[in-house]
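Residue numbers (my numbering): 346 to 639. Inspection log for the structure reproduced underneath, given as structure tokens.
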Ligand SMILES: Nc1ncnc2c1ncn2[C@@H]1O[C@H](COP(=O)(O)OP(=O)(O)OP(=O)(O)O)[C@@H](O)[C@H]1O
Ligand SMILES: N[C@@H](CCO)C(=O)O
């Protein structure tokens, strides 16, 4: 079998741990039963020898497969990774969602998206990346009594992402420990109102309101201070015509949403201003993970 899992961008400014969207940038994993277990990696992560011996995809896959099928078995895993690691593009969620969905499939179970999503929450405590990795599109999620509830809106071809991807990784786990434990009433009200308004803005496709709706007071600027050039990325992207410009997940990537006809222009401005960073245009993904039999 082969599984394709999309990159995702979480938070979208004020929707900390709640909002996310799915990008048309996929990891592909091919899995075949084999008497000798083995791993090959191409693309992102290929330069990390440790991922050949301690691979979270492989460990989660075996844990779920053994539980579902009631037996242990060896497999060959071939990874072709396009999602950069630790850049705020949901690389860890892609691993978790991909491993669970493929383990269900190889164990002969029906792969129900709701089951994969809820199982994934056992490995990542917040649903904002795993929900769009499962369902695609723009997603808004809540967790109630340990269960994830997600509303999805497919995104049209009239908007695109322009991603600015610094070469510096930022670990989500580390960056979460550096956020405050308490927020003021003003900060809470700002984020509640903006996150609710941003969801409605996506649902109603009122793209001109995206920037206003995406203003955060909880995490973004605190994290951007680790790489102050990101303030310039945001300023230049908005001046070049981006509809919104937010830190992607916990960073270091910046997600800029643009009208499709303006994507190449915004990309050219950002590429020129930040030659040391990777700048790519990317369509949105509306499917979430997909499985192919081979
Ligand atoms: N393709 C991969 N293969 C194996 N492990 C991976 C892969 N991609 C990510 N990981 C694991 O996930 C870790 C990165 O997770 P982290 O949550 O810090 O970043 P992220 O998911 O890319 O960012 P964010 O959650 O902000 O979107 C890596 O250090 C590695 O352990
Ligand atoms: N909501 C998460 C997204 C990154 O995994 C955070 O900002 O820490």
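Ideal Cβ positions, reconstructed from N, Cα and C, are used throughout, including at glycine.
Kindly indicate which residue of the options has the alpha-carbon position closest to the one of residue i.
i           : options            : result
residue 534 : 380, 638, 454, 360 : 360
residue 605 : 613, 622, 626      : 626
residue 565 : 433, 464, 418, 484 : 433
residue 630 : 502, 578, 508, 408 : 502
residue 578 : 551, 353, 614      : 614
residue 409 : 538, 464, 548, 492 : 464
residue 414 : 405, 448, 490, 547 : 448
residue 480 : 444, 350, 617, 575 : 350
residue 638 : 363, 528, 377      : 377
residue 357 : 569, 528, 495, 561 : 561
In terms of DSSP beta bridges, what is residue i paired with?
i           : result
residue 589 : 602
residue 633 : None; residue 633 has no bridge partner.
residue 365 : 355, 484
residue 496 : 485
residue 425 : 373, 387
residue 349 : 373, 635
residue 525 : Answer is none; residue 525 lacks a bridge partner.
residue 378 : 420
Return helix, strand or coil for residue i, following the three-state DSSP convention.
i           : result
residue 554 : helix
residue 506 : strand
residue 406 : helix
residue 577 : helix
residue 432 : coil
residue 417 : coil
residue 624 : strand
residue 477 : helix
residue 514 : coil
residue 644 : Only positions 346 to 639 of the chain appear in this structure, which leaves residue 644 out of reach.
residue 401 : helix
residue 542 : helix
Ignore the nearest five residues each way along the sequence and tell me which others in residue i's own chain have a CB closer than 6 Å to its CB.
i           : result
residue 589 : 555, 556, 559, 602
residue 661 : Lying before the first or after the last residue shown, residue 661 is absent from the chain, which here runs from 346 to 639.
residue 585 : 611, 614
residue 517 : 595
residue 498 : 482, 483, 547, 548
Does ligand 4 have even one heavy atom less than 7 Å from the beta-carbon of residue i?
i           : result
residue 440 : Of the ligands one can find in the structure shown, namely ligand 1 and ligand 2, none is ligand 4.
Who are the near neighbours of residue i in its chain, counting only those whose CB is closer than 7 Å to its CB and skipping five residues on each side?
i           : result
residue 619 : 509, 578
residue 446 : 348, 456, 461, 634, 636
residue 379 : 419, 420, 421
With a threshold of 8 Å on Cβ separation, who are the neighbours of residue i within its own chain once the five nearest residues in sequence on each side are excluded?
i           : result
residue 470 : none
residue 572 : 511, 513, 515, 596, 597
residue 624 : 507, 508, 509, 510, 612, 615, 616
residue 608 : 505, 507, 626
Whether or not the segment 366-375 and the segment 448-458 are in contact is what I'm after, with contact meaning three or more pairs of Cβ atoms, one per stretch, closer than 8 Å; do they touch?
no
When the Cβ atoms of the segment 435-445 are set against those of the segment 387-402, are three or more pairs found closer than 8 Å?
yes
Three or more C-beta pairs closer than 8 Å, one from the segment 555-568 and one from the segment 530-545: is that the case here?
The segment 555-568 vs the segment 530-545: in contact.
Between the segment 457-465 and the segment 420-434, do three or more beta carbon pairs fall short of 8 Å?
no
Cβ contact (3+ pairs, closer than 8 Å) linking the segment 381-395 and the segment 415-425
yes
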